[in-house]
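In this note's numbering, the protein residues as written are 120 to 220.
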């Protein structure tokens, strides 16, 4: 799946981008019609440690999925966001299958 990565006000290193891409590619096992997606990585300006913000948008035919998570690290936030997308995709796929029956 083709993901566009946007790191806002900082430069994300290649290791982080590859990590997110590998995790997102696993979503194809749940729904193989994912067209593409966008990932936004932001540093929040609050004082606590959980200032890493990850937003992920995925496009499928006729629908768009979105997840936004904040955590101590971009890896943890990415994991949570992708898990949220996985749940949305599974729910959507169940609806589509039921509608076809």
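Glycine included, C-beta positions come from ideal geometry on N, C-alpha and C.
Reduced DSSP category for residue i - H, G, I as helix; E, B as strand; rest coil
{"i": "residue 219", "result": "helix"}
Length of the line joining the Cα atoms of residue i and residue j
{"i": "residue 158", "j": "residue 139", "result": "9 angstroms"}
{"i": "residue 151", "j": "residue 216", "result": "14 angstroms"}
{"i": "residue 153", "j": "residue 213", "result": "15 angstroms"}
{"i": "residue 142", "j": "residue 120", "result": "11 angstroms"}
{"i": "residue 166", "j": "residue 196", "result": "17 angstroms"}
{"i": "residue 136", "j": "residue 180", "result": "25 angstroms"}
{"i": "residue 123", "j": "residue 172", "result": "16 angstroms"}
{"i": "residue 184", "j": "residue 177", "result": "5 angstroms"}
Nearest neighbour of residue i, chosen from the options [CA to CA]
{"i": "residue 201", "options": "124, 135, 145", "result": "145"}
{"i": "residue 125", "options": "199, 162, 142, 141", "result": "162"}
Contained beta strand (DSSP E) runs [length at least 3] in the region 123-199, N- to C-terminal order:
155-162, 171-179, 182-190
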